[in-house]
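Okay, so here's the structure we're looking at.
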Amino acid sequence: RGDFNMIPRIDHYNCMADLLARAGYLDEAYDFVNKMPFEPDINVLGTLLSACWTCKNVKLGDEVAKKMQRLEGKTASIILLSNTYSAAERWEDAANIRSRQKKTGLHKTPGYSWVDV
34 RGDFNMIPRI DHYNCMADLL ARAGYLDEAY DFVNKMPFEP DINVLGTLLS
84 ACWTCKNVKL GDEVAKKMQR LEGKTASIIL LSNTYSAAER WEDAANIRSR
134 QKKTGLHKTP GYSWVDV
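To convert, count from 1 in the sequence shown and add 33; that's the working numbering.
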């Protein structure tokens, strides 16, 4: 329970991993997630993969994407991994992933916004 008489939940761990990654401590964030007392969920892994994209860390991005694919379908992790390759200017790898994505029938759902006028 610690000093504040509360048990940390996965949301707390996700927040901490995000803070570490945003501060440039991506490897530390990954280690932190791997030492959690429970398995990381798709949100925690998505936070890490998004940070890999921002930091252009393809090696770690590959690892995190594989873990994500085991938890959920492939769409989100494949798209983020492709974006990570593109950010690192690894165009051939990004194209290969997008090609594989099309062959398997996975597609990105387009986003949209509403504005009240």
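We put the CB at the ideal spot given by N, CA and C, even for glycine.
Residue i, enclosing alpha helix (DSSP H) - first and last residue
{"i": "asparagine 129", "result": "124–136"}
{"i": "glutamate 61", "result": "59–67"}
Neighbourhood of residue i by C-beta, 7 Å cutoff - its chain only, sequence neighbours within 5 removed
{"i": "tryptophan 124", "result": "none"}
{"i": "asparagine 47", "result": "Asn76, Val77, Thr80"}
Residue i to residue j span [Cα, whole Å]
{"i": "isoleucine 40", "j": "aspartate 126", "result": "42 Å"}
{"i": "phenylalanine 65", "j": "valine 150", "result": "45 Å"}
{"i": "valine 91", "j": "alanine 50", "result": "18 Å"}
{"i": "leucine 53", "j": "histidine 45", "result": "12 Å"}
{"i": "arginine 131", "j": "methionine 69", "result": "32 Å"}
{"i": "glutamate 105", "j": "aspartate 74", "result": "10 Å"}
{"i": "valine 97", "j": "asparagine 129", "result": "18 Å"}
{"i": "arginine 103", "j": "isoleucine 111", "result": "12 Å"}
{"i": "glutamine 134", "j": "methionine 101", "result": "15 Å"}
{"i": "lysine 99", "j": "phenylalanine 37", "result": "36 Å"}
{"i": "methionine 43", "j": "phenylalanine 71", "result": "Note that residue 43 is isoleucine in the sequence shown, not methionine. In a straight line, the C-alpha of isoleucine 43 is about 8 Å away from that of phenylalanine 71."}
{"i": "alanine 84", "j": "asparagine 67", "result": "16 Å"}
{"i": "leucine 82", "j": "lysine 136", "result": "23 Å"}
Residue i - DSSP class collapsed to helix/strand/coil
{"i": "valine 97", "result": "helix"}
{"i": "tryptophan 147", "result": "coil"}
{"i": "alanine 121", "result": "coil"}
{"i": "isoleucine 40", "result": "coil"}
{"i": "aspartate 74", "result": "coil"}
{"i": "lysine 92", "result": "helix"}
{"i": "alanine 56", "result": "coil"}
Residues near residue i in its chain [Cβ-Cβ closer than 8 Å; skip 5 each side]
{"i": "lysine 89", "result": "Thr117, Ala120, Ala121"}
{"i": "tryptophan 86", "result": "Gly94, Leu113, Asn116, Thr117, Ala120"}
The ligand ATP heavy atom lying under 6 Å from the CB of residue i
{"i": "valine 97", "result": "With respect to the ligand ATP, the structure offers nothing, as it holds no ligand at all."}
Close beta carbons around residue i, own chain, < 6 Å, minus the five adjacent residues each side
{"i": "glutamate 61", "result": "Leu53"}
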